[in-house]
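Protein sequence lines, in the order shown, are assigned to chains R and G. Per the working numbering, residue 959 is the first one in the first sequence, and the count goes up by one each step. Per the working numbering, residue 959 is the first one in the second sequence, and the count goes up by one each step. Reviewing the structure listed below.
There are 2 protein chains.
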Amino acid sequence: MARLAEDSRFALQKDRMLRAAAHCFNQKGYSGTSLKDVAARLGLTDAALYYYVRNKEELVYLCYVRAAAVGREAMQVAVRDGSYGLDKVRRYLEMHVDGIVGEQGPLAIMSEIPSLEPAHRDEILALSRAHSVAFESLLTEGIEDASIRPCDIRMTGNAIMGAINWIPKWFHGDTPMARHIVRQFPLILSAGLAVRDDPPSVPPNTPAGARR
Amino acid sequence: MARLAEDSRFALQKDRMLRAAAHCFNQKGYSGTSLKDVAARLGLTDAALYYYVRNKEELVYLCYVRAAAVGREAMQVAVRDGSYGLDKVRRYLEMHVDGIVGEQGPLAIMSEIPSLEPAHRDEILALSRAHSVAFESLLTEGIEDASIRPCDIRMTGNAIMGAINWIPKWFHGDTPMARHIVRQFPLILSAGLAVRDDPPSVPPNTPAGARR
DNA sequence: CAATCATTTTAATCCAGATTAAAATCGGGG
DNA sequence: CCCCGATTTTAATCTGGATTAAAATGATTG
Chain R
959 MARLAEDSRF ALQKDRMLRA AAHCFNQKGY SGTSLKDVAA RLGLTDAALY
1009 YYVRNKEELV YLCYVRAAAV GREAMQVAVR DGSYGLDKVR RYLEMHVDGI
1059 VGEQGPLAIM SEIPSLEPAH RDEILALSRA HSVAFESLLT EGIEDASIRP
1109 CDIRMTGNAI MGAINWIPKW FHGDTPMARH IVRQFPLILS AGLAVRDDPP
1159 SVPPNTPAGA RR
Chain G
959 MARLAEDSRF ALQKDRMLRA AAHCFNQKGY SGTSLKDVAA RLGLTDAALY
1009 YYVRNKEELV YLCYVRAAAV GREAMQVAVR DGSYGLDKVR RYLEMHVDGI
1059 VGEQGPLAIM SEIPSLEPAH RDEILALSRA HSVAFESLLT EGIEDASIRP
1109 CDIRMTGNAI MGAINWIPKW FHGDTPMARH IVRQFPLILS AGLAVRDDPP
1159 SVPPNTPAGA RR
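Set out below in C-alpha cells:
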C-alpha cells in the first residue's frame, strides 16, 4: 500500500517517476505519452506506476503541482534578491529556464491543463494564473522604475512564457547545451524589455511608491 | 473516389478540413485530437474524412505541407519587399503570425514532426530546417547591416519561433484579439533584436557586401 | 425521370493503451 | 532460515478512437 510522504524509498521513487513523466509529457504531450513510455524510463512496467499514483491524470496533476511549487519558489527568490524590475525579471527567467532544462530534473510545462479533471483543473488554473499575475507585476514594476520600456504587458508576458515553454520541443537534454540555454535565454528575452542596450550597472529610478 | 486537385467542391471541402484539423492539432496536439473532433468542426462524421485523406497521419502531414508553403511564401515576400535585415525580419514575423491567428484559417504549428511516418517525416523535416535556416540568415543579414545587434543566432531564432508557436496554446480565435496579436508580436519580438530603441527611420549601413 | 458518379453515414472490426486483480519477488528483522 | 510488508510483474479486462466495407443520400447530366 502506498505510503504517506516521508518514507525514503517510496518518496524517492515517486520523485524519479514525476521527473520521468515530466520529461515525456514535455516531449510528446499528455495523450501522446503512454504509461509504458514513462515506466520505460524508470526500468519498470507500466502497471508499477499505479503503486505510486491513482491514474494517469493524477500523474500530470502531480507534475504540475511540482512545477508550480518550483516556479513559485523561483518567483519569491527573484523578488527577494532582485534590486529593480528588470533585474528581478532576469533572475526569475534564469531560475525558471534552469528548472526546465537543468539538473533538478525537468519541470513539466503546463500546456494541457484542460485534460485535468475539473477539481484539479481549477486548482492548477488558479496556481497558473497567480503565477502569470506575479510575472506581469514584475514587468509593471520594471516599467514604473524605468528599467523596462513601456509595453503591452499581457502580450509581452505571453511572448516570453511561450519562448520558454517551447524549449522542450527542440531541446532534448544534453548538459553543456542546457547550460548555454540557461545563460542565453534570459539575456535574449530581457533584451527586448530593457530601456537601454546595456543592462544598467546601477539601479535606475527608485520605484514611484505605488507597488503591487 | 477522391478527385485529383482542381475539382471545386472537393478541393474546397478538403481545404476546410485542413483548417479544421490545424485548429484542433494546434489546440490539443496530434494524439489529443480525434478524427471525431475534426469532423465535428465540419458538421461531418469521422468516417467522412477518409474520403479526403488516407488516414490521420496524412492529415497532419498535409497540414504541415500547407503550413510550410505559406511560410515559404511569407519568407519570400519578406525578403523581396524588406529593405534591410531587421525590416525583413519584422515583415516576416507579421506575415507568419497573421498566418497563425489570421482569417486565412489557422496554420498548423509543426510541433509533432516525430509522429509522421518516416518518408513524410524526412520531407517535412527538410522543409522545416530550410525555413529555420532562412530565418537565421535574415538575422545574420541584420547583424551584418547593423540593424540587429550581435547575438546567438540559433538561440534567438529558437526563442522567437517558440514565442510564436506557443500562441495557439493561449489564443482561441476571436478576431479583434487576433489583430492585436498581429500588431504587437512583431514589435515585441523585434524589440530585443533592434540596435536602437526606436526602429531606424532610415536604413542603416549598406550591407557589407557579403550576403548569403 | 433514369443513370451515374460524388459524398456521407451506418455498422462493424481492430488495436493500443489505461486500468485492475492476483501472483511473484525483494529486503530486512526475528 | 522464515515471515511480512513493500514493490513489481503477469495476465485479464475494458474502452476509445482509427479504420473499413457496405449502404444510403445527393447532385448532375443526358
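Idealized CB from N, CA, C, for every residue including glycine.
Problem - Min CB distance R:K1014 to chain G below 7 Å - result: no
Handout entry: Exposed unless 16 or more other CB atoms sit within 10 angstroms - verdict on G:D1080
Key = exposed
Exercise for the section: Measure the alpha-carbon distance for G:I1058 versus G:L1065 and round it to whole angstroms. Expected result: 5 Å
Practice task
Using a Cβ-Cβ cut-off of 7 Å, state whether R:G1060 counts as contacting chain G.
Solution key: no
Handout entry: Partner residues on chain R for G:T1114, Cβ-Cβ distance less than 7 Å
Key = I1146
Handout entry: Within-7 Å CB hit, R:A1121 to chain G
Key = yes
Handout entry: According to DSSP, residues forming a beta bridge with G:A1005
Key = DSSP lists no partner for G:A1005.
Handout entry: Proximity below 7 Å, CB of G:L1000 to CB of G:A978
Key = yes
Practice task
Answer yes or no: the CB of G:Q971 versus the heavy atoms of the ligand NAD, is any distance below 6 Å?
Solution key: Judged by which ligands are present, the structure shown has none, so any question about the ligand NAD falls away.
Handout entry: Contact under 7 Å by Cβ, G:M1033 with G:Y1050
Key = yes
Problem - Nearest neighbour of G:M1113, chosen from R:R1087, R:R1141 and R:K986 [CA to CA] - result: R:R1141
Exercise for the section: May I ask you to report which of helix, strand or coil DSSP gives G:A1066? Expected result: coil
Handout entry: Start-end ranges of the alpha helix (DSSP H) lying completely within the region 1011 to 1051 of chain R, minimum 4 residues
Key = 1014 to 1039
Practice task
Check the DSSP bridge columns for R:A1152 and list the partner residues they point to.
Solution key: R:I1106
Practice task
With a 10 Å radius around its C-beta and 16 neighbouring C-beta atoms as the bar for buried, classify R:G1167 as buried or exposed.
Solution key: For R:G1167, the pLDDT reaches just 41, beneath the cut-off of 50, and the residue's location in the model is therefore unreliable, leaving the point undetermined.
Practice task
Please classify G:G1120: does DSSP put it in a helix, a strand, or coil?
Solution key: helix
Handout entry: Residue from R:G1115, R:A1005 and R:T1133 whose Cα sits closest to the Cα of G:I1125
Key = R:G1115
Problem - N- and C-terminal bounds of the alpha helix (DSSP H) containing G:F1129 - result: First-last for G:F1129: undefined, no H or E at that position.
Practice task
Reducing DSSP to helix, strand and coil, say where R:P1057 ends up.
Solution key: Residue identity check: residue 1057 of chain R is Gly in the sequence provided, not Pro. Looking at R:G1057 - three-state DSSP - the assignment turns out to be helix.
Practice task
Please list the residues of the region 982 to 995 of chain R that have a C-beta atom closer than 9 Å to any C-beta atom in chain G, keeping them in chain order.
Solution key: Q985, K986, G987, Y988, S989, G990 and T991
Exercise for the section: Would you identify the three-state DSSP class for G:T991, choosing helix, strand or coil? Expected result: coil
Practice task
Evaluate the contact criterion for the region 978 to 991 of chain R versus the region 986 to 998 of chain G: three or more CB pairs, one atom per stretch, below 8 Å.
Solution key: yes
Practice task
Would you please state the rounded distance, in angstroms, between the beta carbons of R:L910 and R:V1047? I believe it to be under 8 Å.
Solution key: Outside the displayed span of chain R (959 to 1170) sits residue 910 of chain R, for which this structure offers no information.
Practice task
Since I believe R:G1040 is in contact with R:D1103 (beta carbons under 8 Å), could you give me their beta-carbon distance rounded to a whole number of angstroms?
Solution key: The Cβ separation is near 11 Å, so there is no contact.
Handout entry: Own chain partners of G:I1122 with C-beta closer than 8 Å, once the 5 adjacent residues on each side are dropped
Key = L1051, H1054, V1055, I1058, F1143 and L1147
Exercise for the section: Kindly indicate the opening and closing residues of the alpha helix (DSSP H) around R:S966. Expected result: S966 to K986
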